[in-house]
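In the UniProt record's numbering, the protein residues as written are 1 to 1104.
Data first, discussion second: the structure below is written as structure tokens.
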Amino acid sequence: MPAWGCCWREPESSSSEEEDSEESGSSEEEEESSGSEEESSSEEEGEARHGLEGLHLADHEPALAAGAAAGTAVAAGAAVAAAANGRQQVQQQVPPMPAAYPPYPAAYAAPPAPQIAPYSLPDARQQAVAAAHYGTHSSSHAEEDSNSEEEGAVRRLVDYRPPHYTVTDAHLTFRLHPEETVVDALLTVCATAPAAPGYGPPPLVLDGRKDLRLVSVSINGHQLAPGQYHQDPKALTIPTSMLPPAAGQPGAQFQLAARVLLCPRSNTHLEGLFMTGGLLVTDNEPEGFRGITYFIDRPDVAARYTVRLEADKAACPVLLSNGKCTESGDLPNGRHFATWVDPVPKPSYLFCMVAGQLTSLEGRHVTRSGRTIQLRVWAAKEEIEARRADWALACLQAAMRWDEETFGVECDLDLFQIVAVPNLQSGGMENVGLNTFDASHILACPATATDDDYQNVERTIAHEFFHHQTGNRVTVRDWFQLTLKEGLTVYREQEFAASKQYRYAPCARVEAASDLREGLLDEDSGPLAHPPRPAEVYSVENFYSDTVYNKGAEIVRMLETSLGRPAFLAGLRAFLERHRGGAATCEDLLAAMAGAAGGRQEAAAAASLMLRWYNQAGTPEVEAAGEWNPNARTYTLRLSQRTEPTPGEPRKQPVPIPVAIGLLGRGSGQQLPLHLSSGSLAPASMAEAAAAPTSLVLLLTAPKQSWVFSGVDEEPVLSLLRGCSAPVTLTVKGRRDADLALLVAADHDPYVRWDAVQELGLRALLKVYRAALGKGSKYKAGQPYPPPAAVAAAEAAAAKAAAPLVPGLRHVLTADPVGSAEFGAWALNLPGDMGIYERDDEDGVDPGMLQVARHSLERALAAALRPELGSAVLALDAALGVDTAAPGSAARYAVPYAYSAQAAAQRSMRQAALYLLATLGEPAVLADLQARLAGATNLTEAVGAAEALDRAGGAARAAALSAFHDAWGGTTAGLHSWMGLVAGCEQPGSLAEVAALPRHPRFQLGSPGASLAVWDAFSGSNFNFHAPDGSGYKFVADAVLLLDKVNRWQAAELAANLVDWEAVEPRRSRLLRAQLERLAATKGLSSPVMDLVEAALEEDSDDE
């Protein structure tokens, strides 16, 4: 399951917890006094009663659209709406449900309750005995306390206990209807632990949600009266007195039947059972299943599922679930049914059902053992007919082949299906044999997908398929272990992408490193820093983060780098075989890796030490210093490591860091042989060290270590962390610009070359930023922004600052721009903002001056490299079949667009060069870009030209955005691309233009794609999000409050952009904190958002 946001906070003191408990109690009393559950649900959801199709900004918060510039924004919104109304609207991907549904054949009334012993609470003595045996929680799974989210109760890893009960078989019947779905659950419950001496079996606690409307519940066929069970907004508790006496014996089984009513159409949070795009869909990771029926909803409870789906045949002709369809047929009143059986036990989060109007694309995969697996890709009929699902099927087949060839594992299913769902919150979900995806992550054609989209489809489909082995067949014991399944699967996805999307696979590590620096480093250095496996959390949804996913993948990769690929693969196979059909922990993976070391003590120790990475937050900082002794012909390398304190972790342990190293001769530029005289090696390099290779993997495990190399005949230049061998930051003492230039030109490792370009770029950017800051820090409200003096200072400093970077980029542009495009595409992009925040954070960063510096440095580089940039564009055009003699028409693109990894890399490098050229504002360049936009035959070319013209600014930008909207805005992908360009604008004073976007008639409130295109894109703008008057902060905070009423997870993801208020300069810091305090004071704010906001505000109190 792809990451989709995170929010964290540290545990509060006992007094704060008591205050939280009191507040929670008062809110529950208010909820009870407000009336029925239906009224409470309606009040919470506001007017969002008709699924995402009916949610528009005008229905909710008119004030938001006004933003900080009310009148202008409304006028702009009216203009956009008027223009859009004059254009043809695109057809919905999935036809809507019929407006009127036939009534159910009969009312689902509960039968009369039989006479059973009344509900009786245990006396004080029995309560004490139970507490000692079962724990202090009434839930049968303390660390998965179902009341934790809204009450703010902390969950702790150390509190994990195996469940007292499990579910072995689940028979579910869904009588589907958008307004009222009936779910009948017949569960076979099995006791797993003996009863406490002198006390009966523990109570049975089933997780639920407050929008579940319970109709009836029975035990072994005996229906319970309302007073014989306890129901609260989060759980259904069956007391000891209502359970069979044998329930206290391990292995004893009994049956529980429950009937509940749901309203899928009103579920806009996109978890559990909901309606989107005319489909009825479930999405259950991590705890959505409790919104479908009462259940022991935790990953270490696995059951066999038999599912019967009933629905109106016209509205839902296709009924899908996990496993195999064993029966189907018609029912009275125009309804029909299908029964699906999945005989292999699975956790509830992997359950799935989809119902609606869909068409399938059929395929197959023949495994290496000769088995045939039937494949089906389900999407709306028009998508299948337009062949927008073909790429998805090809990607699934490629992933299956690759997994067999690389890891030797076959899919054990006979049928594997994937479904395109409009507006899936998670992006993709690995439900067993029935993967679901947001439509934008699965459907692709040249008119609706860019090269990046094609690659994202390939990676996302592979990721969810790979989960079948690392996540489904071996799942996690508890949600604290989420990084186990996600880290393993992201690692496998990255390896797959390296083999499919790169001609030279090591270049893939450049992409991974770029993501780490702008995502993981940001998270690790802010108030949301947390370990890959946190010790405690307030809301389980907060686990889905860059740290859990990407650092988890880097831990797996460090295991491979340290142990060597053969031992690593042996350990992974042992882990999968040993825990197949079970639930595992991070320790289980490390134990398998240590066991695969074949008795090598060093390898086993290296694997065991990796547990520190799982349990510790923060990014280690590695410092390197080298000394060459020409007389002794030795080179001594000293490495040290330290990790800054993070919230809740003031002291850090050293972690094992594999450091892949090489030495280049300063004069010759040649790779030098490595004769290691002393120092510790990673087990992977021990066997080859005697042969004096040109690359070795050192293992840094202590705060400080040293290594000595002999036979070093010329002064060396250090090449460190080859292949991005560890997710750390690196400082090399005394490293000169000339050393970095040598690495760019001569090193064999793409990551080291890119890192050298990034370091040169960061040094240049920092110089220009400081020049701008010297003139821009005195800005006062009402003055032009950015201050002309600051712009002039930056322009004056940029040419000199850019000079050390120019030779390296010239080499990239002239050596072989066509053949090395996949490296050049990354090298031509300046470093992201995180480097400045890390190096110039004493008084906080001024984002506006940072953007002034970036613009000035880009122009200086473009001016210095003008001939080389132009020549590279021409060479790449020729390789791509672009006819530069036919501007402004489709004939310009002589070769029809077709996605391939090689062509995508070439287009990406050409785009980076055009972007730099656009900064010069030359009429000839702007005319060429306008011609490229006008003649574009695919979304990739159109977006590329529009992005470059957007960077040029002024009238060229305005004309380009209008032309792009007219030509490409008719599809959802094109519309979101246009919105992203408008929202992410780096021209000051664009808030009014952005504030109009949510009033666009086709903006869909609650759609993950729409939220990303507008609010998240805007949050990346240094000039406008970080406007000096705080209007950008208020605009995003307004959006958080609006989204929180519709989809709390999207609201939390957006609110994460507000949390790092201490990183910016004092004036902006105060304005940003004020918005956080405003959110914190908002009554009824959802738990995910509140947890995040409080974590940000608590960081200041911790510092004090």
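All residues carry an ideal CB built from backbone N, CA and C; glycine is no exception.
Taking only the alpha-carbon atoms, compute the straight-line gap between Ala-394 and His-365 and give it to the nearest angstrom. Here residue 394 corresponds to residue number 394 of the sequence shown, with the count starting at 1. Here residue 365 corresponds to residue number 365 of the sequence shown, with the count starting at 1. Between Ala-394 and His-365, the C-alpha separation is close to 10 Å.
Does DSSP put Ser-148 in a helix, a strand or coil? To locate residue 148, count along the sequence shown from 1; it is residue 148. In this predicted model, Ser-148 has a pLDDT of only 33, less than 50, meaning its place in the structure is not dependable; the value taken from the coordinates is given anyway. In this structure, DSSP gives Ser-148 a helical state, which the three-state scheme calls helix.
For the putative contact between Ser-640 and Glu-623, defined by C-beta atoms under 8 Å, what is the C-beta separation to the nearest angstrom? Translated into positions along the sequence shown, residue 640 becomes position 640. Translated into positions along the sequence shown, residue 623 becomes position 623. Right, the Cβ-Cβ distance comes to about 5 Å (below 8 Å), so this counts as a contact.
How close, in whole Å, do the beta carbons of Thr-729 and Glu-621 come, if the pair is a contact with beta carbons under 8 Å? Within the sequence shown, residue 729 is the residue found at index 729, counting from 1. Within the sequence shown, residue 621 is the residue found at index 621, counting from 1. The Cβ separation is near 5 Å, so the contact holds.
At 4 residues or longer, what runs of the alpha helix (DSSP H) sit wholly inside the segment 435–473? Here the runs fully enclosed are 451–466.
Rounded distance between the beta-carbons of Val-281 and Val-354, thought under 8 Å: Looking up residue 354 in the sequence shown gives position 354. Looking up residue 281 in the sequence shown gives position 281. With a Cβ gap of about 5 Å, Val-354 and Val-281 count as contacting.
Classify Lys-778: buried if its beta carbon has 16 or more other beta carbons within 10 angstroms, exposed otherwise. Here residue 778 refers to the residue found at position 778 of the sequence shown. By the Cβ neighbour-count rule, Lys-778 is exposed, with fewer than 16 other Cβ atoms within 10 Å of its own.
Pick out whichever of Ser-328, Arg-175, Arg-517 has its Cα sitting closest to the Cα of Val-260. Locating residue 260 in the sequence shown gives position 260, counting from the first residue. If we check each option's Cα against that of Val-260, Arg-175 comes out closest.
To the nearest angstrom, report how far apart Ser-360 and Ala-1037 are at their CA atoms. Position 360 of the sequence shown, counting from 1, holds the residue named residue 360. Position 1037 of the sequence shown, counting from 1, holds the residue named residue 1037. A direct Cα-Cα distance of roughly 42 Å separates Ser-360 from Ala-1037.
Inter-residue spacing [alpha-carbon to alpha-carbon] between Pro-197 and Phe-289: For the purposes of this step, residue 197 is taken as the residue at position 197 of the sequence shown. For the purposes of this step, residue 289 is taken as the residue at position 289 of the sequence shown. Going from the Cα of Pro-197 to the Cα of Phe-289 covers about 34 Å.
Cα separation between Ala-110 and Val-215? Here the question's residue 110 lines up with position 110 in the sequence shown. Here the question's residue 215 lines up with position 215 in the sequence shown. Residue confidence for Ala-110 is low, a pLDDT of 38 falling below 50, so the modelled location carries little weight; the figure read from the coordinates is stated next. Cα to Cα, Ala-110 sits roughly 6 Å from Val-215.
Simplified DSSP state of Ala-905, which is helix, strand or coil: For the purposes of this step, residue 905 is taken as residue 905 along the sequence shown, with counting starting at 1. It is helical.
Buried versus exposed call for Glu-458 [16 or more other C-beta atoms within 10 Å across all chains shown]: As a working mapping, residue 458 is identified with position 458 in the sequence shown. So Glu-458 counts as buried.
Cα separation between Glu-560 and Ala-607? Looking up residue 560 in the sequence shown gives position 560. Looking up residue 607 in the sequence shown gives position 607. Computed Cα separation, rounded: 10 Å.
Under 6 Å Cβ to Cβ from Gln-987, same chain only, skipping five residues before and after it: list those, please. Here residue 987 corresponds to residue number 987 of the sequence shown, with the count starting at 1. Cβ within range, chain order: Gly-953.
For Gly-648 and Asp-159, I'd like the C-alpha separation in whole angstroms. Counted from its first residue, the sequence shown places residue 648 at position 648. Counted from its first residue, the sequence shown places residue 159 at position 159. In this model, Gly-648 and Asp-159 are separated by some 18 Å (Cα to Cα).
Nearest-angstrom Cα distance between Pro-96 and Lys-313? Sequence index remark: in the sequence shown, residue 96 carries index 96 (1-based). Sequence index remark: in the sequence shown, residue 313 carries index 313 (1-based). Unreliable placement is indicated for Pro-96, whose pLDDT of 35 sits below 50; the coordinate value is still reported in the next sentence. If you take the alpha carbons of Pro-96 and Lys-313, they lie about 14 Å apart.
What whole-angstrom Cβ distance do Leu-681 and Ala-691 have, given they're in contact under 8 Å? To locate residue 681, count along the sequence shown from 1; it is residue 681. To locate residue 691, count along the sequence shown from 1; it is residue 691. That pair is no contact at about 13 Å.
Identity of the residue in Gln-783, Val-341, Leu-805, Gly-734 nearest Gln-758 by Cα: Residue 758 sits at position 758 when you count from the first residue of the sequence shown. Scanning Gln-783, Val-341, Leu-805, Gly-734 for the CA closest to the CA of Gln-758 turns up Leu-805.
Are there three or more Cβ pairs, one per stretch, closer than 8 Å when the segment 475–483 is compared with the segment 525–538? The segment 475–483 vs the segment 525–538: in contact.
Could you compute how far the alpha carbon of Val-1064 sits from the alpha carbon of Leu-939? Residue numbering aside, residue 1064 sits at position 1064 when the sequence shown is read from its first letter. Residue numbering aside, residue 939 sits at position 939 when the sequence shown is read from its first letter. Distance between the alpha carbons of Val-1064 and Leu-939 is about 36 Å.
Thinking just about the alpha-carbon of each residue, which of Pro-264, Met-593, Ala-931 is nearest to the one in Ile-292? Taking the first residue of the sequence shown as position 1, residue 292 is located at position 292. The shortest C-alpha separation from Ile-292 is found at Pro-264.
Option in Ala-687, Cys-352, Arg-304 with minimal Cα separation from Glu-287: Here residue 287 refers to the residue found at position 287 of the sequence shown. When the alpha-carbon of Glu-287 is set against those of Ala-687, Cys-352, Arg-304, the nearest one is in Cys-352.
Inter-residue spacing [alpha-carbon to alpha-carbon] between Pro-62 and Gln-1050: Within the sequence shown, numbered from 1, the residue matching residue 62 stands at position 62. Within the sequence shown, numbered from 1, the residue matching residue 1050 stands at position 1050. Bear in mind that the predicted position of Pro-62 carries a pLDDT of just 42, short of 50, making it unreliable; the figure below should be weighed with that in mind. Going by the C-alpha atoms only, they are around 19 Å apart.
On a CA-only basis, which of Tyr-491, Asn-431, Phe-496 is nearest Glu-464? Give me that one, please. As a first step, residue 464 is located in the sequence shown; it is residue number 464 there, counting from the start. Selected option, being the one with the closest Cα: Asn-431.
For Cys-325, which of helix, strand or coil comes out of DSSP? Residue mapping note: residue 325 aligns to position 325 of the sequence shown, counting from 1. If DSSP states are grouped into helix, strand and coil, Cys-325 belongs with the strands.
Endpoints, alpha helix (DSSP H) assigned at Cys-395: Here residue 395 refers to the residue found at position 395 when the sequence shown is read from its first residue. Per DSSP, Cys-395 is one residue of the alpha helix (DSSP H) stretching across 390–407.
Secondary structure of Gln-501, DSSP reduced to three states: Taking the sequence shown and counting its residues from 1, the one referred to as residue 501 is at position 501. Three-state result, Gln-501: coil.
Secondary structure at Ile-373, three-state DSSP: helix, strand or coil? By one-based count along the sequence shown, residue 373 stands at place 373. In the displayed model, Ile-373 falls within a strand according to three-state DSSP.
Would you call the CB atoms of Arg-304 and Pro-343 closer than 8 Å? The residue you call residue 304 lines up with position 304 of the sequence shown. The residue you call residue 343 lines up with position 343 of the sequence shown. Yes, these two residues count as a Cβ contact at 8 Å.
For residue 1107, which of helix, strand or coil comes out of DSSP? As shown, the chain starts at 1 and ends at 1104. That puts residue 1107 outside it, with no answer to give.
Could you give the residue range of the beta strand (DSSP E) that holds Cys-190? Counted from its first residue, the sequence shown places residue 190 at position 190. Note, Cys-190: beta strand (DSSP E), 181–191.
Own chain partners of Ser-908 with C-beta closer than 6 Å, once the 5 adjacent residues on each side are dropped: Numbered from its first residue, the sequence shown carries residue 908 at position 908. Setting aside the 5 residues that flank it on each side, Ser-908 is surrounded in the same chain by Ala-825, each with a C-beta closer than 6 Å to its C-beta; the list follows chain order.
Report the partner residues of residue 1105 according to the DSSP bridge assignment. For residue 1105 there is no data in the structure shown, the boundaries of the chain being 1 and 1104.
Hey, Lys-210 and Pro-233 are a contact pair by Cβ (cut 8 Å); roughly how many whole angstroms apart? If you number the sequence shown from 1, residue 210 lands on position 210. If you number the sequence shown from 1, residue 233 lands on position 233. Going by Cβ atoms, the distance from Lys-210 to Pro-233 rounds to 4 Å, so yes, they are a contact pair.
Cβ contact (3+ pairs, closer than 8 Å) linking the segment 786–802 and the segment 868–887: By the Cβ criterion, the segment 786–802 is not in contact with the segment 868–887, since fewer than three pairs of Cβ atoms, one from each stretch, lie closer than 8 Å.
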